[in-house]
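Engineer: Pasting a structure here, questions to come.
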Amino acid sequence: MSSLQDPIGKYLPYVAIDLSNREWPSRRVTSPPVWCSTDLRDGNQALEQPMTIEQKTLFFRHLVKCGFKEIEIAFPSASSAEFDFVQTLIRDGEIPDDVWIQVMTPARPDLIIRTMEALAGANKAIVQFYAAGCPCFREVVYNKTEEELVDRVVQATDLLRQLADENRIKYGTKFRLCYALETFSQTEPHVALKICTAVKEAWGPGEDGPMILNLPSTTEVAPTNHFADQIEYFCKNFKYRKDVVISLHTHNDRGTAVAASEVGLLAGGDRVDGTLFGNGERSGNVDIVTLALNLFTQGIHPGLDFGNLQESIDIYTKCTQLPIHPRHPYSGSLVYTAFSGSHQDAIKKGLEKRALALANGVSPCRWDIPYLLLDPADIGRNYDALIRVNSQSGKGGIAFIIKERLGVDLPRPVQVEFYNVVQSLNEKRQKDMPTEEIVQLFRSYYYFGDSAAANARLILDTSSVSIATSPDSGPTSFRGTIVSDGKPHTIYGEGETEQIAFLSALEKPLECYFGIRQGDERTPVSDGQTITTTFVHLGRRGPPGADAATWGVGLDREPSIARLRSVVSAINKLLGSRRIHA
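FYI, the numbering for the sequence shown is 348 to 929, going by the working numbering.
Have a look at this one:
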């Protein structure tokens, strides 16, 4: 039996709007909205420990750096700290000339007066006052009729207009009015129109810019399509529509604040009021970072700069003491990470195809990488975290890491061999293996790089190769010195290639016989230099049933040296801890 009770009767479904000729579903967003950050007001009031003036100042500076031109900074009548913060920004000259600061106040005369006092000396200010319009607030909170509520907001508007005129004369401040019809999404459409019309007529044309009507889903109580219907209905029926800015303030109670804002813009919204990473009361406000980068990935520049998103994350976490979820869209630490083998392989192939297109001069080169909506480089991240290896990972992801970090493009057989090594270790550990550990494992397993540091049995000290130029010039010869188990040897050998000649020279000091079974060689160009990587599949002849074979890897600017190093790599793997008798 379900422990979840039957909701019928306790919860009511939303009341749909009779909207004929609905237009928003067929529209497209082609330009960014006006952005207003309310991190320092709505975001701050939702914190267990509100920000200090120093933290709010740091956050304000960052919002300016990101490109916000409208920033809600405080609720001045709420506390002396809020009041003082507004005055601090004004007094210290922190507010650029092209930025409008916004403050909030209830529709109460005493609090409106206190709010306007906080703005003394400001250059540009938006004053947002609010009063909820839904039946629940009218009947339960305010105990007022529709007409009484209209009278209340008109009186507040008259007072704000009077005080704005006085401040213009005294300080030269430019003022704009923003009326927030709290609980708009729960207010009857005809009541919303009546209240907003009364406020607009009381304010008049506005001397310093259009009035803003903020239409919030104060509590998200319905699907996003219903919110879009509400916005479109309001825009079509508000007689002063051309004279106002329609602002959207969506909350995330149902988890769809971003989607609600997006369809709200389609329905006629001009402005979005939200916070970085969605901080706010209860489930939070709309996440402006997500909304802006959604536009960016549709080829629309949002007008905000999140090119160094980690800086925004650092400022946010430092000031709010709130974490960013690792799966948070665009911002989370695991958003650009693939553990699945099939995902890793698809990403690897996509990046390789893109690299080839860029190398061939394709510009602009469209971003079309499997599983990755956004190029991490666009927000200041690198590709190091794209592939993380655990027991679910595949060969492609491991090969991607080696190519990115060491410049070694592994052929398929080597991918398989090294994958088995990594998987064996992962299955024992039961956790993911960091990139640096994978790189180090590759170095040690293939004796790649400094062989001596890897406790190799065989070290190539010096070498000289004479390549046969024709059948009449004799075989290719190798002459050089090696160190086996710490003992130096001068060796000489001949063969068809430098690798065979080298193996011939090694037979006596190693008392082992090796044969080449397969090989591969790649010469990519990196930073204008050609680097040769050689792979050799080497077999060791032994007693019946004791033959062994493995891959070796060598890399060098000189192809001959790369080939010799691949042989040394394979032999060291075959010898392992076995002592060399010389």
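All C-beta atoms, glycine included, are put in the ideal place defined by N, C-alpha and C.
Here the structure is a predicted model, which is why all the values come from computation and not from measurement.
For the alpha helix (DSSP H) containing Leu540, name the first residue and the last one.
Structural biologist: Taken as a continuous stretch (DSSP letters only), the alpha helix (DSSP H) holding Leu540 covers 536-550.
Engineer: Out of Lys695, Phe861, Val900, point me to the one whose CA is closest to Tyr792's CA.
Structural biologist: Checking every option, the nearest Cα to that of Tyr792 belongs to Val900.
Engineer: Applying the 10 Å Cβ sphere with the 16-neighbour rule, what's the burial state of Ala425?
Structural biologist: Buried is the call here.
Engineer: In the DSSP assignment, what residue or residues form a beta bridge with Arg438?
Structural biologist: BP columns for Arg438 are empty, so no partner.
Engineer: Check this for me: beta carbons of Ala639 and Phe624, under 8 Å apart or not?
Structural biologist: Result no, Cβ atoms of Ala639 and Phe624 do not sit closer than 8 Å.
Engineer: Starting from the C-beta of Arg864, find all residues in its chain whose C-beta is less than 8 Å away, skip the five residues before and the five after it, and write them out in chain order.
Structural biologist: These residues qualify, in order along the chain: His884, Leu885, Gly886, Ala896.
Engineer: Could you check where the beta strand (DSSP E) with Pro313 kicks off and where it finishes?
Structural biologist: Nothing can be reported for residue 313, as the shown portion of the chain is limited to 348 through 929.
Engineer: So, for Ala799: in the same chain, excluding its five sequence neighbours on each side, which residues have a beta-carbon less than 7 Å away from its beta-carbon?
Structural biologist: Note on Ala799: pLDDT 49, under 50, position unreliable in the model; no value is reported.
Engineer: Would you report the Cα separation of Leu507 and Cys543, rounded to the nearest angstrom?
Structural biologist: Going from the Cα of Leu507 to the Cα of Cys543 covers about 15 Å.
Engineer: Is Ile829 buried or exposed, if buried means 16 or more other CB atoms sit within 10 Å of its CB?
Structural biologist: By the 10 Å Cβ count, Ile829 comes out buried.
Engineer: For Arg601, I'd like the list of residues in its chain whose CB is within less than 6 Å of its CB, leaving aside the five on either flank, ordered along the chain.
Structural biologist: Only Glu567 meet the Cβ criterion.
Engineer: Identify whether Ala799 lies in helix, strand or coil by the three-state DSSP scheme.
Structural biologist: Model confidence at Ala799 stands at a pLDDT of 49, short of 50, so the residue's coordinates are unreliable and nothing is read from them.
Engineer: Would the beta-carbon of Val591 fall within 8 Å of that of Pro557?
Structural biologist: In contact: Val591 and Pro557 (Cβ atoms closer than 8 Å).
Engineer: Cα separation between Thr667 and Asn626?
Structural biologist: Cα to Cα, the separation comes out at about 9 Å.
Engineer: Across the region 402-413 and the region 439-451, are there enough close Cβ pairs to call them in contact, namely three or more that are closer than 8 Å?
Structural biologist: Contact between the region 402-413 and the region 439-451 is present, because at least three Cβ pairs lie under 8 Å.
Engineer: Report the three-state DSSP secondary structure of Met463 (helix, strand or coil).
Structural biologist: Three-state result, Met463: helix.
Engineer: Quick check: what's the CA-CA separation for Glu464 versus Leu436?
Structural biologist: If you take the alpha carbons of Glu464 and Leu436, they lie about 14 Å apart.
Engineer: Just grab the DSSP bridge partners of Leu387 for me.
Structural biologist: DSSP, once it has assigned bridges, lists no residue as partnering Leu387.
Engineer: What number of angstroms, rounded off, separates the C-alpha of Ile847 from the C-alpha of Arg888?
Structural biologist: Computed Cα separation, rounded: 15 Å.
Engineer: Identify, in the order they occur along the chain, each residue of the same chain with its Cβ nearer than 7 Å to the Cβ of Asn584, setting aside the five sequence neighbours on each side.
Structural biologist: Around Asn584: Leu540.
Engineer: Three-state secondary structure (DSSP) at Glu764?
Structural biologist: Three-state result, Glu764: helix.
Engineer: Applying the 10 Å Cβ sphere with the 16-neighbour rule, what's the burial state of Asn632?
Structural biologist: Asn632 comes out buried.
Engineer: Just curious, the beta strand (DSSP E) that Glu628 is in, first and last residue?
Structural biologist: It is not in any beta strand (DSSP E) - Glu628 carries neither H nor E in the DSSP assignment.
Engineer: Have a look at the DSSP bridge pairing and note the partners of His884.
Structural biologist: For His884, which the question treats as bridged, DSSP gives the partners Gln865, Trp898.
Engineer: Is Gly840 helix, strand or coil when you go by DSSP?
Structural biologist: Three-state DSSP puts Gly840 in a strand.
Engineer: Mapping the DSSP letters down to three states, classify Asp365 as helix, strand or coil.
Structural biologist: If DSSP states are grouped into helix, strand and coil, Asp365 belongs with coil.
Engineer: What is the DSSP secondary structure of Trp371, reduced to helix, strand or coil?
Structural biologist: Note: Trp371 maps to helix in three-state DSSP.
Engineer: Taking the CB atoms as reference points, tell me whether Leu719 and Ile694 lie closer together than 8 Å.
Structural biologist: Taking 8 Å as the Cβ cut-off, Leu719 and Ile694 qualify as a contacting pair.
Engineer: What would DSSP say about Leu698, mapped onto helix, strand or coil?
Structural biologist: Correct three-state label for Leu698: helix.
Engineer: Taking three-plus beta-carbon pairs below 8 Å as touching, is the region 360-373 in contact with the region 391-400?
Structural biologist: Flag = no, the region 360-373 and the region 391-400 do not touch.
Engineer: DSSP three-state label for Pro906, please.
Structural biologist: Helix at Pro906.
Engineer: Going by DSSP, name the residue or residues bridged to Cys525.
Structural biologist: According to DSSP, which records beta bridges pairwise, Cys525 is partnered with Gln475, Ile559.
Engineer: For Thr534, which residues from the same chain have a beta carbon less than 6 Å from its beta carbon, with the 5 sequence-adjacent residues on both sides left out?
Structural biologist: Taken in chain order, the residues that qualify are Gly480, Cys481.
Engineer: Do Ala478 and Val500 have their CB atoms nearer than 8 Å?
Structural biologist: Yes, Cβ-Cβ distance for Ala478 and Val500 is below 8 Å.
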